[in-house]
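In mature numbering (1 follows the signal peptide of the UniProt record, and there is no 0), the protein residues as written are -8 to -1, 1 to 298. Shown next, in structure tokens, is the structure this report addresses.
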Amino acid sequence: FFCDCISSKGGSPDGKQVQVKNPYLDTMEEDILYHFSLSTKTHNLPEMFGDIKFVCVGGSANRMKAFAQFMHNELELPGNPEDIRDICEGTDRYCMFKVGPVLSISHGMGVPSISIMLHELIKLLHHAQCRDVVLFRLGTSGGVGLAPGTVVVTDKAVDYSFQPQFEQVVLGKVITRSTELDEGVASELLQCSSELPNLPAVIGNTMCTHDFYEGQGRLDGALCSFSHEEKLEYLRKAYEAGVRNIEMESTVFAAMCRVCAAVICVTLLNRFDGDQITAPHDVLVEYQQRPQVLVSHFIKKRLGQI
Ligand code: R2B
Ligand code: URA
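Structure below.
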């Protein structure tokens, strides 16, 4: 059973509308987006968000605020980037910032955290009647056979068995959704990387796990149930399956947004060389700016500003 939550409304001249695949939503008088502290009754969502064309999500609230401020400068918008306010200030679950047609949101760590955010985000975009939206996950990851600092634009988001699928338990049964992403957006992003200095990038598969330590084959967690050799064998198999980086949200992000979405993660280390993240703070900060610089370039090109 495959399903995509955001899909095109066949050839409409106004472009693709964000659709929700849930018939119950239309019967509700009010929709409370609880973890955003927004609601269809208390907020005019079309007025607040109707012009959104690019949605960028990432784990950390501070990084997504910095991205919003960076985009404000890049798009040369009026006003002071320091004044950008958190739209979700009524809750501390997620942070949300809007700069022109760009929405920047934090999603926390791991599949359950991002998936709650994505349910409410997709409903928000639907209620706001947004059209032609592209979604990006900008993140960090562990590299598989790549120099640290390399940006991986995801071809397929794969699970622990290297399959392009996301498994979810619904009513006590496992259902499987496809995780294929937009190939056109990925190759456009790779093209953008070649136009930028200091932006090594590749297209590759991204493995999504439910744990940072044992789940990613690390030997340095509080528990470890396998040997160094077994770890290397798993990473080698992943590499052979086309995996170039490992993170913790890509499969559910792809399953929920796939037709118009891309995943862009910088690698903080090469997992064949170790498990601990040893690069100095300033190096890590610069690495984490790379996906932001790449996506900013993509957005400015799409808006005809370069
Ligand atoms: C990348 O980094 C986080 C773990 O450190 C996790 O959210 C991810 O996908
Ligand atoms: N994020 C991950 O999920 N894994 C890493 O190794 C680094 C960042």
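The C-beta atom is built at its ideal place from N, Cα and C for all residues, glycine as well.
Report the rounded CA-to-CA distance for M109 versus S96, giving the unit in angstroms. On the sequence shown, residue 109 is found 117 positions in, with the first residue counted as 1. On the sequence shown, residue 96 is found 104 positions in, with the first residue counted as 1. Between M109 and S96, the C-alpha separation is close to 12 Å.
Answer yes or no: do T201 and M240 have a C-beta to C-beta separation smaller than 7 Å? In the sequence shown, counting from the first residue as 1, residue 201 sits at position 209. In the sequence shown, counting from the first residue as 1, residue 240 sits at position 248. Result yes, Cβ atoms of T201 and M240 sit closer than 7 Å.
According to DSSP, is L200 part of a helix, a strand, or is it coil? Against the sequence shown, residue 200 aligns to sequence position 208. The amino acid occupying residue 200 in the given sequence is Cys; Leu does not appear at that position. Strand at C200.
Quick one: using the 10 Å Cβ neighbour count with 16 as the cut-off for buried, is D147 buried or exposed? Here residue 147 is taken as the residue at index 155 of the sequence shown, counted from 1. Flag for D147 reads buried.
Please state whether DSSP places T19 in a helix, a strand or coil. Within the sequence shown, numbered from 1, the residue matching residue 19 stands at position 27. Of the three classes helix, strand and coil, the one that applies to T19 here is helix, per DSSP.
Okay, do the region 277 to 293 and the region 158 to 170 touch, 3+ Cβ pairs below 8 Å being the bar? Output reads no: the region 158 to 170 does not touch the region 277 to 293.
The beta strand (DSSP E) spanning F59 covers which residue range? Start at 1 with the first residue of the sequence shown, and residue 59 comes out as number 67. No beta strand (DSSP E) contains F59, which is instead part of the alpha helix (DSSP H) from A53 to E66.
On a Cα-Cα basis, can you pick out the residue from G134, E112 and Q281 that is closest to S31? The residue labelled residue 31 in the question sits at position 39 within the sequence shown. Checked all of G134, E112 and Q281; the closest Cα to S31 is E112.
Which of the three DSSP states, helix, strand or coil, is assigned to Q208? Here residue 208 is taken as the residue at index 216 of the sequence shown, counted from 1. Reduced to three states, the DSSP call for Q208 is helix.
Confirm the yes/no value for this check: CB of F204, any heavy atom of the ligand URA, distance under 6 Å. For the purposes of this step, residue 204 is taken as residue 212 along the sequence shown, with counting starting at 1. Taking the Cβ of F204 as the reference point, at least one heavy atom of the ligand URA falls within a distance shorter than 6 Å.
Can you tell me whether DSSP reads R263 as helix, strand or coil? Position 271 of the sequence shown, counting from 1, holds the residue named residue 263. R263 falls in the coil class under three-state DSSP.
On the DSSP letters alone, give me the boundaries of the beta strand (DSSP E) that T168 sits inside. Position 176 of the sequence shown, counting from 1, holds the residue named residue 168. Taken as a continuous stretch (DSSP letters only), the beta strand (DSSP E) holding T168 covers K165 to S170.
M240 CB to nearest heavy atom of the ligand R2B below 6 Å: The residue given as residue 240 occupies position 248 in the sequence shown. M240: yes, Cβ under 6 Å from the ligand R2B.
Residue closest to L138, alpha-carbon to alpha-carbon, out of N197, P15, E66 and I44: Sequence index remark: in the sequence shown, residue 138 carries index 146 (1-based). Of N197, P15, E66 and I44, the smallest CA-CA separation from L138 is found for N197.
Closest Cα partner of R282 within the set M101, P189 and E81: Taking the sequence shown and counting its residues from 1, the one referred to as residue 282 is at position 290. Among M101, P189 and E81, the Cα nearest to that of R282 belongs to P189.
Those residues which DSSP pairs with Q9 across a bridge: On the sequence shown, residue 9 is found 17 positions in, with the first residue counted as 1. According to the DSSP secondary-structure assignment, Q9 is paired through a beta bridge with R123.
According to the Cβ coordinates, are L181 and A254 closer than 7 Å? By 1-based counting over the sequence shown, the position of residue 181 is 189. By 1-based counting over the sequence shown, the position of residue 254 is 262. Judged by beta-carbon spacing, A254 lies within the 7 Å limit of L181, meaning their Cβ atoms are closer than that value.
Exposed or buried, Y82, counting other C-beta atoms within 10 Å across all chains shown (16 or more means buried)? Position 90 of the sequence shown, counting from 1, holds the residue named residue 82. Note that residue 82 corresponds to Gly in the displayed sequence, not to Tyr. Answer is exposed; the Cβ neighbour count stays below 16.
In three-state DSSP terms, what is I256? Position 264 of the sequence shown holds residue 256. Residue state for I256 is assigned as strand, using DSSP reduced to three classes.
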